[in-house]
Ligand SMILES: [Zn+2]
């Protein structure tokens, strides 16, 4: 007997439909899987056998051949377990094949016959258009993001069989639909003092400018970075679905409603590997932190401590907004457009209060030089975050709340979208001449900086982009005046003597 059951396999954040074909014939009892399965697929035999027996079904003691079609595509993961079990039940006559015609199956099986969630349920279901998809209950929310009306859940293999026969009901998962995602970003009002860092954060959010905070431990770099996603506009529907697909494929946690509606905040540790940062891995090519931060903030604390090769791997997403992973068998492109926020101490000892630094000049220079070069050049904004003074700490007045700053940010984003089709940080040199013309005085200031060697050609454009955002924030969408250029220059602190490549 023969059966063919639909399921899907994952590559990056793309679910691709596949058929699990099961043939049961005479011959020596055995079990063979063909069609480029990975290790997890090959191990499916033992899980499926135990699950069938635990569910009161029979394991046919015959020659079982399983083909995963199309055979050219590599299959990864454990999501094929349930489809394989259904295929064996159908091919051995334990369930009528016509009961299965409308269905696809995406779940791992426990040895006790329970349905278990799999990473990537949302993209897997998205790859199975026009069918009813059976998933494990913990996958219901994210599966419904991909296909709201055609998701069915059951706790065990036995319940799946009963529901398909019409002898039982699918689990009711509708109560989960009403749960909306809520924001849980800390508020900017918690940040006391720090006028420069606050302004820089606002500019970063409004113009999409990458930002580096330089300051001692405890000065509040992390505190401000964590509040940056709250300043960004909420995700559009399309962005929300993409972000959810990425988190689902990476097996990362999702909000109660299933759909990610707010800009993500990712803060990988400085020991993060290349694969953890940009994605990859053996068979399914999981998204990394750069993709998980898509639409939000990627925060690199102690940025100088990251492996240079890992920082270097961020160059492509920073330039193109996506990560491309090539393998001999397949290549994937993962979305990865994020706001980069870096933080670093000013020196190895951390500095602390003014005058408290115990590092010599050589050590300081060497420490900051780890950040020099092309990577440092990515940051449009580099601001010193000073220790909050005693007066500010004791001041009971709150800082300006996120909601008010976010209104200004949203207005500038609208303005720039209308003007150039994107954020100011992505204005090209030609576009700068059109959309960010300088007054004569402003041009003279920049010319002098160039002549003194304190500004490179690249830095010149970066200053102008930041200045455009600054002017937009003050409601001026015309020529950039001199004082705006001067503020933009101040927001790009030189880190050390040799740091002229700004
Ligand atoms: Zn020091």
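In this note's numbering, the protein residues as written are 1 to 502. All C-beta atoms, glycine included, are put in the ideal place defined by N, C-alpha and C. If you're wondering where the values come from, they're calculated on a predicted model, not measured in any experiment.
Do you know how far the Cα of residue 215 is from the Cα of residue 387? 8 angstroms
Can you give me the Cβ contacts of residue 11 inside the same chain, cut-off strictly under 7 angstroms, excluding the 5 residues immediately before and after it? 284, 285, 330, 332
Should residue 3 be labelled buried (16 or more other beta-carbon atoms within 10 Å of its own) or exposed? buried
Helix, strand or coil: which one does DSSP assign to residue 153? strand
Between which two residues does the beta strand (DSSP E) containing residue 339 stretch? 339-344
Any beta-carbon of chain B closer than 8 angstroms to the one on residue 190? No chain B appears in the structure shown, which is made up of a single protein chain.
Which residue's Cα is closest to the Cα of residue 126: 115, 42, 52, 106? 106
Say yes only if the C-beta of residue 41 is nearer than 7 angstroms to one or more non-hydrogen atoms of ligand 1, and no if none qualify. no
Which parts of the segment 365-437 are runs of the alpha helix (DSSP H), unbroken and 4 residues or longer, counting only runs that do not cross its ends? 390-394, 402-420, 429-435
What's the gap between the Cα of residue 78 and the Cα of residue 232? 37 angstroms
Spatially closest choice to residue 155 from 195, 258, 335, 138, by CA coordinates: 138
Any chance the CB of residue 255 is under 7 angstroms from a heavy atom of ligand 1? no
Nonlocal neighbours in the same chain, by C-beta distance under 7 angstroms from residue 102, ignoring five residues either side: 131, 132
Heavy atom of ligand 1 within 7 angstroms of residue 503 beta-carbon: Because the chain here runs from 1 to 502, residue 503 falls outside it and cannot be looked at.
Quick check: is any heavy atom of ligand 1 less than 7 angstroms from the C-beta of residue 358? yes
So if DSSP puts residue 322 in a beta bridge, which residue, or which two residues, is it bridged to? 335
Closest to residue 287 by CA distance: which of 8, 20, 13 is it? 13
What's the gap between the Cα of residue 362 and the Cα of residue 437? 41 angstroms
Residues near residue 276 in its chain [Cβ-Cβ closer than 7 angstroms; skip 5 each side]: 268, 288, 289
Applying the criterion that 16 or more other CB atoms from any shown protein chain within 10 Å of the CB defines a buried residue, is residue 167 buried or exposed? exposed
Taking only three categories from DSSP, how would you classify residue 280? strand
Residue 523 lies in the alpha helix (DSSP H); which residues open and close that run? This structure does not reach residue 523, given that the chain is present from 1 up to 502, and the question cannot be answered.
From this set, 457, 448, 442, 454, which residue's C-alpha is nearest residue 468's C-alpha? 442
Tell me, which residues are paired with residue 7 by DSSP? 18
So, are the CB atoms of residue 243 and residue 294 less than 8 angstroms apart? yes
Tell me which same chain residues have a C-beta within less than 7 angstroms of the C-beta of residue 415, skipping the five on either side of it? 472, 477
How is the alpha helix (DSSP H) around residue 466 delimited, first residue to last? 457-473
Run of the alpha helix (DSSP H) containing residue 139, from where it starts to where it stops: Taken as a continuous stretch (DSSP letters only), residue 139 belongs to no alpha helix (DSSP H), as it is neither H nor E.
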